[in-house]
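A.B. asks: Residue numbers (UniProt numbering): 1 to 114.
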Amino acid sequence: MQKISFTENVDFNDNKIVTKVLLETSFSKEIRILLKNGQLMKEHKAPFPIIVHIVAGVIDFGVEGTLHTLKQGDMITLAANVPHDLLAKSDSIVRLTLSKQDAANRVEKVIADS
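(1) Could you check how far apart the C-beta atoms of M41 and S114 are, in whole angstroms? I think they sit under 8 Å.
(2) For V82, collect the residues of the same chain with a Cβ closer than 7 Å to its Cβ; drop the 5 residues on either side in sequence, then sort them by chain order.
(3) As an exercise, report each continuous beta strand (DSSP E) stretch of at least 3 residues that is fully enclosed by the UniProt domain "Cupin type-2" (38 to 96), in chain order.
(4) Exposed or buried, what is residue 195 when buried is set at 16 or more other beta-carbons lying within 10 Å of its beta-carbon?
(5) Once you ignore the five residues that flank K71 on each side, which residues in its own chain have a CB closer than 7 Å to its CB?
Set out below in structure tokens:
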């Protein structure tokens, strides 16, 4: 058993998006993404299905040219290889669930390229 909090020890960065793997299980990786208002993760794809959960804040979530405004409590799922981007409309805490087979450092590369 493991216990974590997505809302404790939150440290936003004015210059870059902050990510941290908070939990790894036998089937998934749970990653916290901290985006300050206006920060953007450019369009990218995940090689496996993902789940995105807005823990706090508001995100414009673009999926194949369609914009979805997601607010606190909202969740969205995407199949593998679906292009998507994220734009923070306020300071936001995002929970990203990756497949165990996916690499957490792939998310870091997306942020570095944004």
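Note that beta-carbon positions come from the ideal geometry of N, C-alpha and C, so glycine has one too.
C.D. replies: Taking the structure as given:
(1) Stepping through the sequence shown from its first residue, residue 41 is reached at position 41. Stepping through the sequence shown from its first residue, residue 114 is reached at position 114. Between S114 and M41 the Cβ distance is about 5 Å, and since that is below 8 Å, they are a contact.
(2) What you label residue 82 is simply residue 82 of the sequence shown in a count that begins at 1. These residues qualify, in order along the chain: K45, V63 and E64.
(3) 40 to 44, 50 to 56, 58 to 63, 66 to 71, 75 to 78 and 84 to 88
(4) With the chain covering only 1 through 114, there is no way to say anything about residue 195.
(5) Your numbering for residue 71 matches position 71 in the sequence shown. Excluding positions up to five away in sequence, the list reads I54 and V58.
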